[in-house]
Amino acid sequence: MAPKIPVTDEDATALVANLKTLDQPAKPRAATSDTALAKKIELGRTLFSGKAACTSCHTGLQFTSEDKFDGKVEDKKDRDPNYNPPTLRGLASRRRFLHTGKARSLDAVLTKHHRPEDLVGESLSDDERDALVEYLKSL
């Protein structure tokens with residue numbers, strides 16, 4: 100095992116500067132040819148900023164925030180009072196979700212680990228949750 104080397108402020112600044120140079124993941128192709136899917140994505144967009152209240156933490160073009168929050172997670176040992184929500188861009192290409200990586204699907208995020216009703220949103224029906232997942236995958 101490699102020895103632990105402390106990270107300096109200079110190291111952190113250099114890392115942040117490097118991360119800012121990276122391109123975002125490519126946005127998935129718009130679902131314009133599939134009318135049913137396009138309608139589902141539009142419903143998901145409405146739920147995202149409405150009933151599910153995702154925009155309480157995930158805002159702006161990057162769907163994130165400069166603010167820090169008390170990380171509302173299922174397992175208290177994973178709580179972080181200085182949690183900064185990650186961007187939601189590129190979710191369709193991820194295999195694991197949440198800051199711990201313990202959710203293996205967006206459906207698991209919304210039904211087990213990060214349910215809207217446990218945060219600031221309202222409970223979603225199965226159809227609403229499916230629409231929200233499709234919207235998230237379109238980001």
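One rule links them: number in the working numbering = place in the sequence shown (from 1) + 99. The beta-carbon is built from N, C-alpha and C at its ideal position, and this holds for glycine as well.
Check, Outcome
"Assuming Glu227 is part of the alpha helix (DSSP H), what are its boundary residues?", "225-237"
"Roughly how many angstroms lie between the CA atoms of Lys150 and Ala113, to the nearest whole one?", "39 Å"
"Leaving out the 5 sequence neighbours to the left and right, which residues in its chain are closer than 8 Å to Pro185 when beta-carbon positions are compared?", "Thr163, His198"
"With a threshold of 16 other CB atoms inside 10 Å of the CB of Val106, please say whether the residue is buried or exposed.", "exposed"
"So, is Val307 buried or exposed, given that buried needs 16 or more other C-beta atoms within 10 angstroms?", "The requested residue 307 does not occur in the structure, where the chain is confined to residues 100 to 238."
"Throw me the rounded Cβ distance for the Ser222 and Pro215 pair, which I believe falls under 8 Å.", "7 Å"
"From the DSSP secondary-structure annotation, give me the bridge partner or partners of Thr199.", "Looking at the DSSP assignment, Thr199 forms no beta bridge with any residue, so it has no partner."
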